[in-house]
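A short worksheet on the structure shown next.
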Amino acid sequence: MAREVAGVFAGYYGEGGEKVGPSPYVGGRKAALVALEKFSVRGYAGSRNKLGGGVSRLSFYIRHGVLGLREVAESVRQRFGESYDSLKFWQELGWRQFWQLVYGRLGHRIEEDLEPAKVNLGKDFADELPEEIRQGKTGLVCMDECVRELVETGYMHNHARMWFASYLIHFRKLGWKVGERFLYRHLLDGDPASNGLSWQWVASTFSHRPYLFNQENIQENGGKQWCERCRVKCPFAASYPELEQRLFS
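Everything in the sequence shown is counted per UniProt numbering, starting at 1 for the first residue and increasing by one.
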């Protein structure tokens, strides 16, 4: 029976020999309510972009309908009032709802570029993810560690998702759909709207400009430990004008 079930879902999980283990997150309504009650929004606005910041970790409960957006927003309001941190958190919930509304209106059209790219993305996009990226063996510790956490736990911090997407699209010149499929396959909170439209936002096919990051951004929000361990030349060690010149001219 187990082999038959595995055969049905072959290729959907752990594709390419990726190491996939049991998730550290517990599902179900009871666990969701406990997580919601434990979440404190204090300091959220100032720390949410940092990998060790006070994010909620509620996204996969919301994604699968175990918690509702109104329920989560009301819990925060009752416990913390209409503070600046509360407002920032509600803004992020609003982004999720916005993605859903766009998806509801456009449907499968979001699977293709919604707008022309605002910069030169290149012409020869690969339609497969390079194996060294899939396996987390690029040598760039920051990217490899993000992939490792994603594959092993089903989680990737939102800021890390932006870094990873920007790395694939702008530094490696891969089509956004290649990376989008990879994340969607592994994320516990993988959602067609939030995931797909966020990748288009990074690519500039659903935004007014591309999203870029540099080494300073990583060190500020992720710490310096990755850079200290890295033994390859850093492609991110430049100012934003320098990166724009190198990547898009």
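Beta carbons are placed, not taken as given, at the ideal position from N, Cα and C, and that holds for glycine.
Rounded to whole angstroms, how far is the Cβ of residue i from the Cβ of residue j, which I believe are closer than 8 angstroms?
i           : j           : result
residue 156 : residue 145 : Incorrect: roughly 10 angstroms between the Cβ atoms, too far for contact.
residue 178 : residue 127 : 6 angstroms
residue 23  : residue 188 : 6 angstroms
residue 99  : residue 194 : 5 angstroms
Closest by CA to residue i, which one among the options?
i           : options               : result
residue 214 : 88, 164, 23 and 27    : 164
residue 166 : 46, 134 and 199       : 199
residue 57  : 82, 92 and 83         : 92
residue 247 : 49, 173, 79 and 44    : 173
residue 211 : 249, 171, 104 and 230 : 171
residue 131 : 147, 117, 122 and 142 : 147
residue 223 : 47, 37, 43 and 42     : 47
residue 65  : 244, 190, 220 and 203 : 190
Straight-line CA distance for residue i to residue j?
i           : j           : result
residue 159 : residue 50  : 7 angstroms
residue 39  : residue 63  : 17 angstroms
residue 7   : residue 135 : Since pLDDT at residue 7 reaches only 47, below the 50 mark, its modelled position is unreliable, and the value read off the structure follows with that caveat. So the two alpha carbons sit approximately 22 angstroms from each other.
residue 229 : residue 81  : 42 angstroms
residue 181 : residue 129 : 9 angstroms
residue 242 : residue 205 : 22 angstroms
residue 29  : residue 59  : 13 angstroms
residue 240 : residue 169 : 16 angstroms
residue 2   : residue 84  : Model confidence at residue 2 stands at a pLDDT of 42, short of 50, so the residue's coordinates are unreliable and nothing is read from them.
residue 111 : residue 192 : 9 angstroms
Check the Cβ-Cβ distances between residue i and every residue of chain B, and say whether any is below 7 angstroms.
i           : result
residue 191 : As a matter of chain content, chain B is missing from the structure shown, which is built from one protein chain.
Residue i: beta carbon under 6 angstroms from a heavy atom of the ligand GTP?
i           : result
residue 206 : This structure lacks the ligand GTP, and indeed carries no ligand of any kind.
Write down every uninterrupted run of the alpha helix (DSSP H) in the UniProt domain "Cryptochrome/DNA photolyase FAD-binding" (89-212) whose length is 4 residues or greater and which is fully enclosed by it, in chain order.
-> Given a length threshold of 4 residues, each whole run of the alpha helix (DSSP H) inside the UniProt domain "Cryptochrome/DNA photolyase FAD-binding" (89-212) is given here in chain order: 131-134, 141-153, 158-166, 176-186 and 192-203.
Please specify which runs of the alpha helix (DSSP H), each continuous and at least 4 residues long, are wholly inside the region 56-88, giving them in chain order.
-> Those alpha helix (DSSP H) runs which fall completely within the region 56-88 and span 4+ residues are 59-63 and 69-80.
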